[in-house]
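Sequential numbering from 6 applies to the sequence shown in my numbering. See structure below.
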Amino acid sequence: MQRKVKHVKTSYYFPKSLKAAERRSGANTPPRVSSSSWSHACPFPRGRRPLTLASWESLGPRRRPAVSRGPSCDDSKGFGVGELVWGKIRGFSWWPGVVVTWRATGRRRATHGMRWLRWFGDGKFSEVSADKLDSITAFPKYFSQASYTKLASYRRAVFQALEVAGARAGRAFPPGEQGAGEDPTKPMLEWAKGGFLPEGSEGLRPVATSAESGDLAPPVLDMGLSEYFPLAKRQKPSPGKTKAAEEEARSRGQRSCPRGQFCLACGKTKVVTFHPLFEGGLCVKCKNVYLEISYMYDDDGYQSYCTVCCGGREVLLCGNTNCCRCFCIDCLDVLVGAGVSASARALDPWHCYVCQPSQSSAALRCRPDWSQKLQEFFASDHDPDFEPPMTYPAVPAEQRKPIRVLSLFDGIATGYLVLKDLGFKVDQYIASEICEDSISVGVVRHEGKIQYVHDVRNITRKNIEEWGPFDLVIGGSPCNDLSIVNPARKGLYEGTGRLFFEFYRLLSVARPKPGDQRPFFWLFENVVAMGVNDKRDISRFLECNPVMIDAIEVSAAHRARYFWGNLPGMNRIFGFPVHYTDVSNMGRGARQRLLGRSWSVPVIRHLFAPLKDYFACE
6 MQRKVKHVKT SYYFPKSLKA AERRSGANTP PRVSSSSWSH ACPFPRGRRP LTLASWESLG
66 PRRRPAVSRG PSCDDSKGFG VGELVWGKIR GFSWWPGVVV TWRATGRRRA THGMRWLRWF
126 GDGKFSEVSA DKLDSITAFP KYFSQASYTK LASYRRAVFQ ALEVAGARAG RAFPPGEQGA
186 GEDPTKPMLE WAKGGFLPEG SEGLRPVATS AESGDLAPPV LDMGLSEYFP LAKRQKPSPG
246 KTKAAEEEAR SRGQRSCPRG QFCLACGKTK VVTFHPLFEG GLCVKCKNVY LEISYMYDDD
306 GYQSYCTVCC GGREVLLCGN TNCCRCFCID CLDVLVGAGV SASARALDPW HCYVCQPSQS
366 SAALRCRPDW SQKLQEFFAS DHDPDFEPPM TYPAVPAEQR KPIRVLSLFD GIATGYLVLK
426 DLGFKVDQYI ASEICEDSIS VGVVRHEGKI QYVHDVRNIT RKNIEEWGPF DLVIGGSPCN
486 DLSIVNPARK GLYEGTGRLF FEFYRLLSVA RPKPGDQRPF FWLFENVVAM GVNDKRDISR
546 FLECNPVMID AIEVSAAHRA RYFWGNLPGM NRIFGFPVHY TDVSNMGRGA RQRLLGRSWS
606 VPVIRHLFAP LKDYFACE
């Protein structure tokens, strides 16, 4: 039986793990790959350069792509294995890719009318409808100059697609001169916009050798690396240095200094903080990567990256039903011992070093208090200049009044649901929401007791004065342009990221005037998987540090979020044991999908409960 293994995007791509049912059935199935709707949106480490045309040519004819000319499907829709195409999946713009055989994905055959694509730029796989494909020769139609100008990931994908096209057509493009101030890919773009002349589509056909292999040349596999995502475990080896020699040198360097004085993720000795799960430290770069990446989970419920280094080429998945952690083969072989990853593959189930700390080695030893250390790790990334929020004395029971709430980006009225569930008397609940479906849920479920208002951007100071005063302001702006899982994210200052400033504006208006000592509380929520700089900018505007809360502590799914606010006791740790809600053998995927896009009700209950000392209850 094959171990549960998945590859992660260090040099190639991110296949998914074997499903638990397949593992239990004993099926000797190859590793799965991702087919999620954001397949070309996954992060990958920094530090490598795209393969050049010269290195492509140096491969020689025996290393060229082994793909077929014609379509491999019987639906007569075209787009055979190896063809360069533009593809479209829901929620994303047109993106260049290459059609691959299902064997290259390690998964099932594509369904009728569908094709397996590997996206340029990150090497992820997606199953795409043939109706949502077009030839790469339709370059002028689908190429976006705006995306090319703004997005490094899009530039990289286009460069790789045109590099492969140029190699097939026999076109050599001179490298750009440093300091010339001109885009070195300009000749490529002009050639593509001109129709790939002189041969056009004929010159872009794949080499006809073996359609079954599905192998692709390194320009497709050796993907460029994003400046926003985790570092590779080791720097790219020099030409005369083998991978084994580099690992041996790193291992020697680590064993020569005490544990805690080297970075567990990269081996550097400039440690700035502790590793939250294992005895040891992290350097500043790996610390930032860990803050951004450690709470990213794939659709199968497992972590996207190695628990130790938040990177890795290939990872082993823990066989414990209630564990979602994975460990890369490099960390096992370097930190635990040479050949450990091979031994672990033979075990079924294999339990990780968090579930069974006794397996740990001298260099990789699990902390007995890792749960508390994980909280401390996220709490340590704070700006010390912020003053503690104002605390309000509890209001005597006879003086407590019903609560008045302003909810921005309200969604499906989770805030109102929790307040009523806790027994609060709600005098007024003003909700700003633009999604009609969400509004319908709130109206039906709460019998019209919520007052819905227009777009948050249209709410004025006069509106706040008319509706107020408010005792509680809550909100969580859309995370699409903040989450690092979106390669097309625009950050805090563009797109939907700017909606944070609408929350900040209305919060400032709703605050009590100077001299008014009435209790006033607020809460802002967003994803943990955001850039470190975006998080710090939000903290500077709100003048407080966030607390990180993962819904797994009190619910059935991993849903780590940052919360900024002044609610009493926000930083207290949940009083539930680990995996408290793992019941009925619920699968990881089911737990991950349970909460959807709404706020986690148990988490909000945890945060709102202390307000019972200030406002009237039924």
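Beta carbons: idealized from backbone N, C-alpha and C, even for Gly.
Query	Result
Rounded straight-line distance, which links the Cα of leucine 269 to that of glutamine 404	55 Å
Distance between aspartate 303 and leucine 321 (C-alpha atoms, nearest Å)	14 Å
For threonine 142, three-class secondary structure by DSSP	helix
Inter-residue spacing [alpha-carbon to alpha-carbon] between glutamate 499 and serine 152	14 Å
CB contact flag (aspartate 432, proline 407, <8 Å)	yes
Cα-Cα separation between asparagine 590 and glutamate 441, rounded to whole angstroms	Residue placement at asparagine 590 is poorly supported in this model, since its pLDDT is 42, which falls under 50; the coordinates are not used for a value here.
Beta-carbon separation (whole angstroms), glycine 481 vs phenylalanine 529, contact threshold 8 Å	7 Å
Cα-Cα separation, aspartate 460 to lysine 82	44 Å
DSSP beta-bridge partners of asparagine 531	Tyr567
Residue environment, lysine 540, which counts as buried when at least 16 other CB atoms sit within 10 Å	buried
Glutamate 438 in three-state terms, based on DSSP	coil
Environment of isoleucine 439 [buried if 16+ CB atoms lie within 10 Å]	exposed
Cutoff 8 Å; reference leucine 287; Cβ partners in own chain excluding five residues on either side	Cys268, Leu269, Ala270, Val276, Val277, Thr278, Phe279, His280 and Tyr295
Where aspartate 486 sits in the DSSP three-state scheme	coil
Cβ-based neighbour list, valine 133, same chain, cut-off 7 Å, excluding 5 preceding and 5 following	Gly92, Ile94, Met119, Arg120 and Leu122
CA nearest to the CA of proline 398, picked from Lys155, Leu572, Pro211 and Gly128	Leu572
Where glutamine 266 falls: helix, strand or coil (DSSP)	coil
Cutoff 7 Å; reference phenylalanine 475; Cβ partners in own chain excluding five residues on either side	Arg409, Val410, Leu411 and Ala515
Pairwise C-alpha distance: methionine 553 and phenylalanine 414	20 Å
Contact belief for valine 449 with arginine 610 at Cβ below 8 Å, rounded distance in angstroms	Going by Cβ atoms, the distance from valine 449 to arginine 610 rounds to 22 Å, so no, they are not a contact pair.
Which listed residue (Asn293, Cys336 and Val537) has its alpha carbon closest to that of leucine 369	Cys336
Collapsed DSSP secondary structure at threonine 106 in the structure displayed	coil
Proximity winner among Ala143, Leu156 and Lys155, relative to leucine 167 (alpha-carbon distances)	Ala143
Reduced DSSP secondary structure (H/G/I, E/B, other) of isoleucine 455	coil
Pairwise C-alpha distance: aspartate 338 and valine 345	5 Å
Residue of Arg318, Leu340, Arg113 and Tyr307 minimising C-alpha distance to cysteine 328	Tyr307
Cβ-Cβ distance between leucine 209 and arginine 176 below 8 Å	no
Host beta strand (DSSP E) of methionine 553 (start-end)	552-555
Where lysine 146 falls, given that 16 or more other Cβ within 10 Å makes a residue buried	exposed
Length of the line joining the Cα atoms of alanine 197 and proline 393	58 Å
Alpha-carbon to alpha-carbon, aspartate 139 and cysteine 323	41 Å
Cα-Cα separation, serine 348 to asparagine 550	44 Å
Neighbour-count burial assignment, arginine 538, 16 or more Cβ in a 10 Å radius	Strictly speaking, residue 538 in this sequence is asparagine, with arginine absent from that position. Looking at its Cβ environment, which holds fewer than 16 other Cβ atoms inside 10 Å, asparagine 538 is exposed.
Identity of the residue in Phe526, Trp569 and Trp527 nearest serine 544 by Cα	Trp569
Inter-residue spacing [alpha-carbon to alpha-carbon] between proline 607 and methionine 575	14 Å
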